[in-house]
Amino acid sequence: MEQLVETTSRSEILLSAKEAAQEFGIGRDRLYQLAHTVSVTGFPALWFGPKTVKFPKQALKNWLDSEQGRQALYRAMKEKRVNQSY
(Lines of atoms letter the chains of each structure in order from A and count residues from 1; the text may use other names and numbers.)
(Lines give C-alpha, C1' and ligand atoms only; values in the text may rest on other atoms or scores of the structure.)
Protein backbone atom coordinates (compact mmCIF):
# COMPACT_ATOMS: atom_id res chain seq x y z
CA MET A 1 0.00 0.00 0.00
CA GLU A 2 2.81 2.41 0.84
CA GLN A 3 4.38 2.01 -2.62
CA LEU A 4 1.05 2.70 -4.32
CA VAL A 5 0.71 6.00 -2.48
CA GLU A 6 4.30 6.94 -3.32
CA THR A 7 3.77 6.15 -7.02
CA THR A 8 0.52 8.11 -7.13
CA SER A 9 2.02 11.19 -5.50
CA ARG A 10 4.98 11.10 -7.88
CA SER A 11 2.69 11.03 -10.92
CA GLU A 12 0.72 13.99 -9.57
CA ILE A 13 3.88 16.05 -9.41
CA LEU A 14 4.49 15.79 -13.17
CA LEU A 15 2.27 18.12 -15.17
CA SER A 16 1.36 17.99 -18.83
CA ALA A 17 1.88 21.15 -20.88
CA LYS A 18 -1.83 21.93 -20.61
CA GLU A 19 -1.82 21.48 -16.82
CA ALA A 20 1.36 23.52 -16.38
CA ALA A 21 -0.04 26.29 -18.58
CA GLN A 22 -3.19 26.48 -16.46
CA GLU A 23 -1.30 26.22 -13.17
CA PHE A 24 1.28 28.93 -13.93
CA GLY A 25 -0.45 31.13 -16.52
CA ILE A 26 2.09 30.46 -19.27
CA GLY A 27 1.05 29.53 -22.79
CA ARG A 28 1.61 25.97 -23.95
CA ASP A 29 3.68 27.15 -26.91
CA ARG A 30 5.95 29.08 -24.53
CA LEU A 31 6.35 25.99 -22.32
CA TYR A 32 7.34 23.89 -25.32
CA GLN A 33 9.72 26.64 -26.47
CA LEU A 34 11.39 26.72 -23.06
CA ALA A 35 11.45 22.91 -22.85
CA HIS A 36 13.82 22.96 -25.82
CA THR A 37 16.25 25.16 -23.86
CA VAL A 38 16.90 22.80 -20.94
CA SER A 39 20.68 22.70 -21.43
CA VAL A 40 20.96 26.50 -21.64
CA THR A 41 18.36 27.74 -19.15
CA GLY A 42 18.00 24.82 -16.76
CA PHE A 43 14.28 24.80 -17.51
CA PRO A 44 12.69 21.87 -15.65
CA ALA A 45 11.29 19.68 -18.41
CA LEU A 46 11.43 15.92 -18.66
CA TRP A 47 11.29 14.42 -22.13
CA PHE A 48 9.80 10.96 -22.63
CA GLY A 49 10.65 10.32 -26.25
CA PRO A 50 10.78 12.94 -29.00
CA LYS A 51 7.30 14.39 -28.46
CA THR A 52 6.21 13.85 -24.86
CA VAL A 53 7.32 16.33 -22.24
CA LYS A 54 6.28 16.65 -18.60
CA PHE A 55 6.97 19.42 -16.14
CA PRO A 56 7.78 18.73 -12.47
CA LYS A 57 5.39 21.06 -10.65
CA GLN A 58 7.61 22.13 -7.75
CA ALA A 59 10.75 22.44 -9.88
CA LEU A 60 8.86 24.56 -12.40
CA LYS A 61 7.54 26.82 -9.63
CA ASN A 62 11.05 27.20 -8.21
CA TRP A 63 12.51 27.92 -11.66
CA LEU A 64 9.87 30.56 -12.42
CA ASP A 65 10.52 32.20 -9.04
CA SER A 66 14.28 32.31 -9.66
CA GLU A 67 16.16 35.16 -11.31
CA GLN A 68 17.47 32.77 -13.99
CA GLY A 69 13.91 31.69 -14.78
CA ARG A 70 12.57 35.22 -14.98
CA GLN A 71 15.39 36.27 -17.31
CA ALA A 72 14.95 33.24 -19.58
CA LEU A 73 11.19 33.76 -19.75
CA TYR A 74 11.71 37.45 -20.58
CA ARG A 75 14.18 36.56 -23.37
CA ALA A 76 11.79 33.97 -24.81
CA MET A 77 8.94 36.47 -24.82
CA LYS A 78 11.11 39.20 -26.34
CA GLU A 79 12.35 36.81 -29.04
CA LYS A 80 8.79 35.90 -30.01
CA ARG A 81 7.80 39.57 -30.29
CA VAL A 82 10.77 40.28 -32.57
CA ASN A 83 9.93 37.29 -34.78
CA GLN A 84 6.27 38.33 -35.01
CA SER A 85 7.14 41.82 -36.22
CA TYR A 86 8.62 40.49 -39.48
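Residue numbers for the sequence shown follow this note's numbering, so the first one is 1 and each next one is one higher. In this text, a Cβ means the ideal position worked out from N, Cα and C, and glycines have one as well. Treat the numbers as computed from the prediction; the structure is a model and nothing was measured.
Other residues of its chain near residue i: CB distance less than 8 Å, five sequence neighbours each side excluded
| i | result |
| --- | --- |
| Leu-14 | Leu-46, Lys-54, Phe-55, Pro-56, Lys-57 |
Residue i - partner residues in DSSP beta bridges
| i | result |
| --- | --- |
| Trp-63 | Answer is none; Trp-63 lacks a bridge partner. |
| Lys-54 | Leu-46 |
| Ser-15 | It should be noted that the sequence gives Leu, not Ser, for residue 15. For Leu-15, which the question treats as bridged, DSSP gives the partners Phe-55. |
Separation of residue j from residue i, as counted between CA atoms
| i | j | result |
| --- | --- | --- |
| Pro-50 | Asn-62 | 25 Å |
| Ala-17 | Leu-64 | 15 Å |
| Ala-21 | Arg-30 | 9 Å |
| Ala-72 | Val-40 | 9 Å |
Identity of the residue in the options nearest residue i by Cα
| i | options | result |
| --- | --- | --- |
| Glu-38 | Gly-25, Glu-79, Leu-60 | Correcting the residue type first, residue 38 is Val in the shown sequence and not Glu. Comparing Cα-Cα distances from Val-38 to each of Gly-25, Glu-79, Leu-60, the minimum goes to Leu-60. |
| Glu-79 | Lys-18, Gln-33, Ile-26 | Gln-33 |
| Ala-76 | Phe-48, Gly-27, Thr-52 | Gly-27 |
Endpoints, the alpha helix (DSSP H) within which residue i is located
| i | result |
| --- | --- |
| Thr-41 | 38 to 41 |
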